[in-house]
Amino acid sequence: MSESESSPRIGQIVRIERGREAGQYAVVIDKLEDGAVMLADGEKRKYDRPKKKNMQHVSCTSFISPEVQSSLLETGRVTNGKLRFAVSKYINELVTDLEKGEQLDGERRCN
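Quick note: the sequence shown, position 86, residue 476 per this note's numbering, numbers continuous.
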């Protein structure tokens, strides 16, 4: 297991795998000692009311938002707009990569 999968970093985008919000993306805004993380997306889950999620119920991506990370480390807070921007930026990059022919499982299709 790589370092990015075993311990998420502040500002990292994760995909929620279990629960009501399964399939959605959120940003890690805090790590707890019991192996859980606090997640927010700026829309449904605002910074003021983050969702506590067990690490086994999320999958980490390789994308870390520098805006969110620096804001949280400097001031201890982040705006919901920055969270929304980080999630939408990641999703737009993912969609762009899929349009170029890259698939999530690494396979390529020929027409």
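Even for Gly, the Cβ is constructed at its ideal location relative to N, Cα and C. Model, not experiment: these values are computed from the prediction.
Coil, strand or helix - residue i by DSSP
i: Asp-487; result: helix
i: Leu-429; result: strand
i: Ala-416; result: strand
i: Ser-478; result: helix
i: Val-468; result: coil
i: Ser-460; result: helix
7 angstroms Cβ shell around residue i - same chain, five flanking residues per side excluded
i: Leu-473; result: Val-417, Ala-430, Asp-431, Gly-432, Tyr-437, Val-458
i: Ile-481; result: Tyr-415
i: Asn-470; result: Gly-432, Lys-436, Tyr-437
6 angstroms Cβ shell around residue i - same chain, five flanking residues per side excluded
i: Asn-444; result: Ala-426
i: Ser-449; result: Arg-405, Glu-407
i: Lys-441; result: Leu-429, Arg-435
Expected contact under 8 angstroms - CB spacing of residue i and residue j to nearest Å
i: Ile-419; j: Val-477; result: Their Cβ separation, rounded to whole angstroms, is 12 angstroms, which puts Ile-419 and Val-477 out of contact at 8 angstroms.
i: Phe-453; j: Ile-403; result: 5 angstroms
Cβ neighbour criterion (16 or more within 10 Å) applied to residue i
i: Leu-422; result: exposed
i: Leu-462; result: buried
Cβ pair residue i, residue j closer than 8 angstroms
i: Gly-413; j: Ser-455; result: no
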